[in-house]
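Chemist: Residue numbers (this note's numbering): 1 to 156.
Okay, here's the structure, questions in a sec.
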């Protein structure tokens, strides 16, 4: 019994699995690539299933502001379709913003993407930048999330 008690107490003293301080990502700015699907293919004939896309940018820092300096939307071939920002947009701590592309807008195609650039005055928690895609037709629906991937530190 004493051995079991000692074993249990030693297990409780171990750090919790699944989370550590190293899991927190910090930065002063990034260029982020975000996959955005205006359609996916379904069925044996690979018919396009149209999707509405919402780019979501969330400031995860509880104390600091960040600036979104650009949001650009590219098509499957890498051609710039739209520049969504003419001047920097400041996001307060824990604030969010979004860009919505309607289901009927198919210009981006299957390989569409956003390039988002952001910066901060000092090192902060990196924002969550992702696309949420959703579509419904003939009683069938689909939805999924596509996370952004930092491709450059800073915003050069």
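Where a beta carbon is used, it is the ideal one built from N, C-alpha and C, also for glycine.
Could you give the distance in angstroms between the alpha-carbon of residue 53 and the alpha-carbon of residue 131?
Modeler: Straight-line Cα distance between these residues: approximately 6 Å.
Chemist: Figure out for me which residue from 71, 104, 121 and 86 has the closest Cα to the Cα of residue 35.
Modeler: Selected option, being the one with the closest Cα: 71.
Chemist: Quick check: the Cα distance between residue 78 and residue 113, rounded to an integer number of angstroms?
Modeler: When rounded, the distance between both Cα atoms is 8 Å.
Chemist: In or out: residue 73 buried (at least 16 other Cβ within 10 Å) or exposed?
Modeler: The residue is buried, with at least 16 neighbouring Cβ atoms inside 10 Å.
Chemist: Return helix, strand or coil for residue 4, following the three-state DSSP convention.
Modeler: Unreliable positioning characterises residue 4 in this predicted model, as indicated by a pLDDT of 38, which lies under 50. The coordinate reading is nonetheless provided below. Reduced to three states, the DSSP call for residue 4 is helix.
Chemist: For residue 23, does the three-state DSSP call read helix, strand or coil?
Modeler: Residue 23: helix per DSSP, three-state reduction.
Chemist: Could you tell me the distance, in whole angstroms, from the CA atom of residue 29 to the CA atom of residue 75?
Modeler: Near 25 Å, if we compare the C-alpha coordinates of residue 75 and residue 29.
Chemist: If we ignore side chains and look at the alpha-carbon of each, how far apart do residue 147 and residue 56 end up?
Modeler: Rounded to the nearest angstrom, the two C-alpha atoms are 10 Å apart.
Chemist: Identify whether residue 45 lies in helix, strand or coil by the three-state DSSP scheme.
Modeler: Looking at residue 45 - three-state DSSP - the assignment turns out to be coil, as it is neither helix nor strand.
Chemist: State buried or exposed for residue 98, treating a residue as buried only when at least 16 other CB atoms are found within 10 Å of its CB.
Modeler: Residue 98 should be labelled exposed.
Chemist: How many Å lie between residue 66 and residue 119 at the Cα?
Modeler: Between residue 66 and residue 119, the C-alpha separation is close to 6 Å.
Chemist: Can you grab the Cα-Cα spacing for the pair residue 47 / residue 135, in whole Å?
Modeler: Spanning the two alpha carbons is a distance of roughly 14 Å.
Chemist: Is residue 121 helix, strand or coil by DSSP?
Modeler: Here residue 121 sits in strand by DSSP.
Chemist: Between residue 137 and residue 100, what straight-line distance do the alpha-carbon atoms span, to the nearest angstrom?
Modeler: For residue 137 and residue 100, the distance between alpha carbons rounds to 19 Å.
Chemist: Taking the alpha-carbon positions, what's the residue 139 to residue 129 distance?
Modeler: About 30 Å.
Chemist: State yes or no: is the C-beta of residue 43 within less than 8 Å of the C-beta of residue 81?
Modeler: No, the pair does not count as a contact, with Cβ atoms beyond the cut-off.
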